[in-house]
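Novice: Quick note, the working numbering runs 13 ahead of the 1-based positions in the sequence shown. Positions of the beta carbon are idealized from the N, C-alpha and C atoms, including for glycine.
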Amino acid sequence: MPVEALIIDDSPVARRVIRHHLEQIGCKIAGEAENAALGVKLFREHRPKIVTLDLIMPAVEGIDALAAFRIMRKENPDAAILVVSAVPFEKTRRTMAEEGALAYIIKPFNKFSFEQARMRLARSFPELEMR
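1) How is Val26 classed by DSSP in three states: helix, strand or coil?
2) To the nearest angstrom, report how far apart His34 and Ala99 are at their CA atoms.
3) Assuming contact is defined by CB atoms lying nearer than 8 angstroms, are Glu140 and Val64 in contact in what I supplied?
4) Whole angstroms are fine: how far does the CA of Leu66 sit from the CA of Gly113?
5) Straight-line CA distance for Glu36 to Ile119?
6) Assuming Ile84 is part of the alpha helix (DSSP H), what are its boundary residues?
7) Quick check on the DSSP output: the beta strand (DSSP E) that includes Lys124 runs from which residue to which?
8) CB-CB under 6 angstroms to Ala81, same chain, minus the five flanking residues each way: which ones, in chain order?
9) Indicate the three-state DSSP secondary structure (helix, strand or coil) for Glu58 in the structure shown.
10) CA-CA distance, Gly44 and Ala18?
11) Please report the residue range of the alpha helix (DSSP H) in which Glu45 lies.
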(Lines of atoms letter the chains of each structure in order from A and count residues from 1; the text may use other names and numbers.)
(Lines give C-alpha, C1' and ligand atoms only; values in the text may rest on other atoms or scores of the structure.)
Protein backbone atom coordinates (compact mmCIF):
# COMPACT_ATOMS: atom_id res chain seq x y z
CA MET A 1 0.00 0.00 0.00
CA PRO A 2 1.58 3.31 -1.04
CA VAL A 3 2.31 6.05 1.47
CA GLU A 4 -0.01 8.99 0.82
CA ALA A 5 1.35 12.54 0.73
CA LEU A 6 -0.23 15.98 0.64
CA ILE A 7 1.52 18.97 -0.96
CA ILE A 8 0.67 22.46 0.32
CA ASP A 9 2.36 25.27 -1.62
CA ASP A 10 1.07 28.35 -3.40
CA SER A 11 3.52 27.87 -6.29
CA PRO A 12 2.34 25.47 -9.03
CA VAL A 13 5.97 24.99 -10.09
CA ALA A 14 7.04 24.05 -6.56
CA ARG A 15 4.11 21.64 -6.25
CA ARG A 16 5.12 19.96 -9.51
CA VAL A 17 8.76 19.56 -8.40
CA ILE A 18 7.78 18.28 -4.95
CA ARG A 19 5.31 15.85 -6.55
CA HIS A 20 8.11 14.52 -8.76
CA HIS A 21 10.43 13.92 -5.78
CA LEU A 22 7.73 12.23 -3.72
CA GLU A 23 6.54 10.03 -6.57
CA GLN A 24 10.14 8.97 -7.22
CA ILE A 25 10.24 7.33 -3.80
CA GLY A 26 6.85 5.66 -4.17
CA CYS A 27 4.46 8.14 -2.55
CA LYS A 28 0.91 8.44 -3.79
CA ILE A 29 -0.13 12.10 -3.92
CA ALA A 30 -3.43 12.36 -2.05
CA GLY A 31 -3.89 16.01 -2.96
CA GLU A 32 -2.40 19.41 -3.60
CA ALA A 33 -3.40 22.72 -2.03
CA GLU A 34 -2.44 26.26 -2.97
CA ASN A 35 -3.14 27.66 0.52
CA ALA A 36 -3.07 26.55 4.14
CA ALA A 37 -6.86 26.52 4.63
CA LEU A 38 -7.37 24.14 1.71
CA GLY A 39 -4.38 22.14 2.95
CA VAL A 40 -6.02 21.61 6.35
CA LYS A 41 -9.28 20.59 4.63
CA LEU A 42 -7.48 18.02 2.45
CA PHE A 43 -5.44 16.83 5.44
CA ARG A 44 -8.64 16.09 7.33
CA GLU A 45 -10.21 14.33 4.32
CA HIS A 46 -7.26 12.16 3.31
CA ARG A 47 -5.24 11.70 6.54
CA PRO A 48 -1.93 11.50 4.63
CA LYS A 49 1.17 10.13 6.32
CA ILE A 50 3.39 12.80 4.72
CA VAL A 51 2.74 16.52 4.26
CA THR A 52 4.94 19.10 2.57
CA LEU A 53 4.17 22.64 3.69
CA ASP A 54 5.39 25.96 2.34
CA LEU A 55 5.72 28.57 5.10
CA ILE A 56 5.22 31.67 2.98
CA MET A 57 1.66 31.66 1.65
CA PRO A 58 -1.17 34.16 1.96
CA ALA A 59 -3.51 33.47 4.89
CA VAL A 60 -6.93 32.30 3.74
CA GLU A 61 -9.93 32.04 6.07
CA GLY A 62 -7.64 33.16 8.90
CA ILE A 63 -5.33 30.17 8.50
CA ASP A 64 -1.69 30.76 7.66
CA ALA A 65 1.02 28.12 7.26
CA LEU A 66 2.06 28.09 10.91
CA ALA A 67 -1.54 27.69 12.06
CA ALA A 68 -2.00 24.85 9.55
CA PHE A 69 1.19 23.19 10.80
CA ARG A 70 -0.04 23.31 14.40
CA ILE A 71 -3.52 22.04 13.48
CA MET A 72 -2.04 19.07 11.60
CA ARG A 73 0.42 18.25 14.42
CA LYS A 74 -2.40 18.33 16.96
CA GLU A 75 -4.84 16.25 14.89
CA ASN A 76 -2.27 13.69 13.75
CA PRO A 77 1.07 13.86 15.57
CA ASP A 78 2.31 10.85 13.57
CA ALA A 79 2.10 12.67 10.23
CA ALA A 80 5.54 13.50 8.86
CA ILE A 81 5.58 17.20 7.98
CA LEU A 82 8.32 18.46 5.68
CA VAL A 83 8.61 22.23 5.64
CA VAL A 84 9.62 23.44 2.17
CA SER A 85 10.36 27.15 2.27
CA ALA A 86 12.36 29.99 0.77
CA VAL A 87 13.06 31.23 4.32
CA PRO A 88 16.75 30.37 4.86
CA PHE A 89 17.07 31.44 8.50
CA GLU A 90 18.45 28.97 11.03
CA LYS A 91 16.11 30.33 13.72
CA THR A 92 13.08 29.48 11.57
CA ARG A 93 14.43 26.01 10.81
CA ARG A 94 15.11 25.39 14.49
CA THR A 95 11.65 26.64 15.50
CA MET A 96 9.96 24.33 13.00
CA ALA A 97 12.06 21.38 14.21
CA GLU A 98 11.02 22.14 17.79
CA GLU A 99 7.39 22.27 16.63
CA GLY A 100 7.81 18.77 15.18
CA ALA A 101 8.80 19.15 11.52
CA LEU A 102 10.56 16.07 10.18
CA ALA A 103 12.72 18.16 7.84
CA TYR A 104 13.23 21.72 6.63
CA ILE A 105 14.06 22.06 2.93
CA ILE A 106 15.13 25.44 1.58
CA LYS A 107 13.87 26.53 -1.85
CA PRO A 108 15.00 26.45 -4.52
CA PHE A 109 15.92 22.82 -4.04
CA ASN A 110 17.12 19.95 -6.14
CA LYS A 111 17.53 16.21 -5.74
CA PHE A 112 20.49 16.65 -3.41
CA SER A 113 18.87 19.18 -1.09
CA PHE A 114 15.85 16.85 -0.86
CA GLU A 115 18.13 13.92 0.05
CA GLN A 116 18.20 14.51 3.82
CA ALA A 117 14.41 14.55 3.92
CA ARG A 118 14.31 11.37 1.83
CA MET A 119 16.57 9.60 4.33
CA ARG A 120 14.39 10.69 7.25
CA LEU A 121 11.29 9.52 5.40
CA ALA A 122 12.96 6.15 4.77
CA ARG A 123 13.46 5.67 8.51
CA SER A 124 9.81 6.50 9.19
CA PHE A 125 8.36 4.62 6.21
CA PRO A 126 10.49 1.60 5.23
CA GLU A 127 8.04 0.79 2.42
CA LEU A 128 9.26 3.80 0.43
CA GLU A 129 11.75 3.18 -2.36
CA MET A 130 14.97 5.05 -1.76
CA ARG A 131 16.75 5.10 -5.11
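Specialist: With the given structure in hand:
1) Reading the sequence shown from its first residue, position 13 is the one you call residue 26. When DSSP states are grouped into helix, strand and coil, Val26 belongs to the helix group.
2) Position 21 of the sequence shown, counted from the start, is the residue given in the question as residue 34. Position 86 of the sequence shown, counted from the start, is the residue given in the question as residue 99. Whole-angstrom Cα-Cα distance: 17 angstroms.
3) Taking the first residue of the sequence shown as 1, we reach residue 140 at position 127. Taking the first residue of the sequence shown as 1, we reach residue 64 at position 51. Taking 8 angstroms as the Cβ cut-off, Glu140 and Val64 do not qualify as a contacting pair.
4) Stepping through the sequence shown from its first residue, residue 113 is reached at position 100. Stepping through the sequence shown from its first residue, residue 66 is reached at position 53. Looking at the two C-alpha atoms, the distance is approximately 13 angstroms.
5) Taking the sequence shown and counting its residues from 1, one reaches residue 36 at position 23. Taking the sequence shown and counting its residues from 1, one reaches residue 119 at position 106. Between Glu36 and Ile119, the C-alpha separation is close to 19 angstroms.
6) Looking up residue 84 in the sequence shown gives position 71. Segment Ala78 to Glu88, the alpha helix (DSSP H) holding Ile84.
7) Numbered from its first residue, the sequence shown carries residue 124 at position 111. Element bounds for Lys124: not the beta strand (DSSP E) but the alpha helix (DSSP H), Lys124 to Ser137.
8) Taking the first residue of the sequence shown as position 1, residue 81 is located at position 68. Contacts found: Ala49, Gly52 and Val53.
9) Locating residue 58 in the sequence shown gives position 45, counting from the first residue. Three-state result, Glu58: helix.
10) For the purposes of this step, residue 44 is taken as residue 31 along the sequence shown, with counting starting at 1. For the purposes of this step, residue 18 is taken as residue 5 along the sequence shown, with counting starting at 1. Taking the straight line joining both Cα atoms gives about 7 angstroms.
11) Translated into positions along the sequence shown, residue 45 becomes position 32. No alpha helix (DSSP H) contains Glu45, which is instead part of the beta strand (DSSP E) from Lys41 to Ala46.
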